[in-house]
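A.B. asks:
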Amino acid sequence: GSDNILGAVGVLQFDVTMARLKAEYGVDAIYEPVDFGVARWIECGDRKKLAEFEKKNTANLARDSQGCLSFLTTSEFQLNYCMEEWPEVEFYKTRDIN
């Protein structure tokens, strides 16, 4: 399978998660930092443009637990640059869960 990415504010949240995984499920977990500091869910009404976006940004894409596509990047500056380069793609800070 693929690696899971857990986002949290502060290292303590990772320590708590690891302790709970061990105590509640008997799972040993490790974590390592990634360079991503910004995440946005993305949508695009144009399937061809979305496919092109995905092809050019493979290393920056992930799917959440619901299978929704998200874009991960290092900074707001990089996000804004990408948004200018891809005006057809919509970037969302939040999304509704159904």
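What the sequence shown shows, in the numbering used here, is residues 191 to 288, in sequence order.
We treat Cβ as the ideally placed atom computed from N, Cα and C, and that holds for glycine.
Please read all numbers here as calculations on a predicted model, not as lab measurements.
Where does ALA198 fall in DSSP's three states?
C.D. replies: coil
A.B. asks: Residue range of the alpha helix (DSSP H) that PHE243 falls in?
C.D. replies: 237–246
A.B. asks: Which first and last residues belong to the alpha helix (DSSP H) in which GLU266 is found?
C.D. replies: GLU266 -> alpha helix (DSSP H) spans 266–275.
A.B. asks: Give the single residue among LYS245, ALA252 and GLU275 whose Cα lies nearest to the Cα of LEU196.
C.D. replies: A check of alpha carbon separations from LEU196 across LYS245, ALA252 and GLU275 identifies ALA252 as the nearest.
A.B. asks: If contacts are defined as beta-carbon pairs under 8 angstroms, then LEU259 and ILE232 qualify, I think. What distance do you get, rounded to the angstrom?
C.D. replies: 5 angstroms
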